[in-house]
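Some notes on the structure that comes next.
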Amino acid sequence: MALSSSSTTCTKWYTVRQLQIFQLLFGIYLTIHFVQLIPYATELFGRDGMIADPQWSPTYGFFPNILNLIDHSSTFLNIFLIFLSCLSVIFALRLFIPRVIALVLWYGWACLLNRNVLISNPGIPYIGLLLLAFSLIKFEKQEEKHEINTQIFPWLYWGGWTLYALGYTISGLHKLQSPSWIDGSALRHVLQSPLSRDNFLCHSLLNMNPLVLEISTWASLFVEISFLPLGLFYHTRKVYWLAFLALHLGVLLVVNFTDLTLGVLAMHFFLFDPRWFFTVNTSSLHTKLQ
10 MALSSSSTTC TKWYTVRQLQ IFQLLFGIYL TIHFVQLIPY ATELFGRDGM
60 IADPQWSPTY GFFPNILNLI DHSSTFLNIF LIFLSCLSVI FALRLFIPRV
110 IALVLWYGWA CLLNRNVLIS NPGIPYIGLL LLAFSLIKFE KQEEKHEINT
160 QIFPWLYWGG WTLYALGYTI SGLHKLQSPS WIDGSALRHV LQSPLSRDNF
210 LCHSLLNMNP LVLEISTWAS LFVEISFLPL GLFYHTRKVY WLAFLALHLG
260 VLLVVNFTDL TLGVLAMHFF LFDPRWFFTV NTSSLHTKLQ
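Residues in the sequence shown are numbered from 10 upward in steps of one, following the working numbering.
What follows is the structure in structure tokens.
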């Protein structure tokens with residue numbers, strides 16, 4: 010199949026199977042996320058909740074939010090979240106019009122954030138970015154081979170890497186304004202916060218020599234700041250990918266804020282490069298890098 014320069018192709022080693030597995034797991038995450046919000050719909054997004062008047066939101070008037078029309082009714086809010094949950098299942102299984110479903114999910118995701126900006130966390134923009142990306146990803150069935158062929162813009166994948174690295178670098182530079190990151194006490198404060206898990210690992214880390222947590226604090230800060238200038242090369246991407254995977258798994262084990270970490274990890278796994286661990290026979294793949 011000849012592919013023009015305008016086709017939405019990705020790198021030739023990014024296979025259909027990899028993308029489908031990711032979409033399944035991503036859809037499962039979205040389904041669980043929306044279902045868990047249903048009991049708190051009124052509190053989070055209703056007029057009897059945290060932000061009673063939608064005009065209090067700094068983004069009011071800039072985004073056409075359907076929630077501003079239905080937030081007076083708990084029933085309508087529940088239906089909205091149930092609707093998003095059902096769409097997430099359809100998205101995960103690619104039952105029909107997946108690109109349209111992804112775009113509708115993005116709109117629903119944006120509606121929730123714009124109705125209550127206090128729910129914002131670092132994972133939310135990445136989820137929105139992924140949903141927009143899936144609204145551009147095109148699958149085609151080749152008549153000769155009867156296989157599904159994925160087409161995805163190269164800038165979608167590499168742009169994702171760039172934005173991911175940029176976000177961490179900006180975050181690290183911002184942390185330089187905090188004395189606790191400079192003196193190495195930031196991680197200790199995290200472990201002593203109400204959000205920390207009451208488990209053996211947390212207690213063990215707090216009982217270690219203070220130098221261990223200080224070095225860990227500075228190491229994580231260095232990795233964040235250096236991600237953009239150093240982490241986008243072929244041989245360094247693997248190192249940074251593994252470093253941030255370890256960081257997020259550590260956060261999952263010691264901080265009781267799972268949804269935030271899973272949101273960022275979704276972007277993390279979308280950017281996985283199978284060539285780091287497996288031999289990929291690119292000559293047998295039908296996707297071509299333009």
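Glycine included, each C-beta is placed from N, C-alpha and C at the ideal position.
#### Entry: Backbone secondary structure at Ser194 - three-state DSSP
coil
### Task
For Leu175, I'd like the list of residues in its chain whose CB is within less than 6 Å of its CB, leaving aside the five on either flank, ordered along the chain.
Leu237
### Query
Is it the case that the Cβ atoms of Arg56 and His81 are separated by a distance below 8 Å?
yes
### Query
Quick one: Cα of Gly132 to Cα of Asn125, how far?
15 Å
### Query
By how many angstroms is the C-alpha of Thr171 removed from the C-alpha of Val44?
32 Å
### Query
Helix, strand or coil: which one does DSSP assign to Ser129?
coil
### Rounded distance between the beta-carbons of Ala252 and Val221, thought under 8 Å
Wrong, their Cβ atoms sit about 17 Å apart, outside the cutoff.
### Query
Can you name, in chain order, every residue of its own chain whose Cβ lies under 6 Å from the Cβ of Ser15, other than the five neighbours on each side?
Any answer about Ser15 is weak, because its pLDDT of 33 lies below 50 and its placement is not dependable; what the coordinates show is given next. Nothing meets the Cβ criterion.
### Beta-carbon proximity check, Asn265 vs Arg206, cutoff 8 Å
yes
### Query
Between the beta-carbon of Leu30 and the beta-carbon of Leu90, is there less than 8 Å?
According to the sequence as given, residue 30 is Ile; it is not Leu. For Ile30 and Leu90, no; Cβs fall outside 8 Å.
### Query
Where DSSP assigns a beta bridge to Val264, which residues make up the other side?
Ser205
#### Entry: Contacting residues, own chain, Cβ-Cβ under 6 Å from Leu261 (five flanking each side not counted)
Thr270
### Query
Taking buried to mean at least 16 other C-beta atoms within 10 Å of its own C-beta, is Ala5 buried or exposed?
Because the chain is modelled from 10 through 299, residue 5 falls outside the range shown and cannot be assessed.
### Query
So, is Ile136 buried or exposed, given that buried needs 16 or more other C-beta atoms within 10 angstroms?
buried
### Task
Find the nearest neighbour of Ser94 within the set Trp167, Leu114, Gly259, judged by alpha-carbon distance.
Its Cα nearest to that of Ser94, the residue Leu114 stands out among Trp167, Leu114, Gly259.
### Task
Spatial neighbours of Phe54 within its chain, please: CB distance less than 7 Å, with the 5 preceding and 5 following residues excluded, ordered by chain position.
Leu76, Asp80, Leu86, Leu121, Arg124, Asn125
### Query
Expressed to the nearest angstrom, what Euclidean distance is found between the alpha-carbon atoms of Val98 and Ile88?
Taking the straight line from one Cα to the other gives about 15 Å.
### Message
Given this structure, state the Cα-to-Cα distance separating Leu258 from Thr267, to the nearest angstrom.
### Response
10 Å
#### Entry: Coarse secondary structure for Lys297, derived from DSSP in three states
For Lys297, the predicted model reports a pLDDT of 40, less than 50, meaning its position is unreliable; a value from the coordinates is still stated below. Note: Lys297 maps to coil in three-state DSSP.
### Query
Ordered along the chain, which non-local residues of its own chain (more than five positions away) have a Cβ less than 7 Å from that of Leu200?
Around Leu200: Cys211, Leu214, Leu215, Val263.
#### Entry: Member of Leu96, Ser225, Met59 whose CA lies at the smallest distance from the CA of Ala195
Ser225
### Query
What's the call for Ser66, buried or exposed, on a 16-neighbour Cβ count within 10 Å?
buried
### Query
So what does DSSP say about Lys147, is it helix, strand or coil?
Note: Lys147 maps to strand in three-state DSSP.
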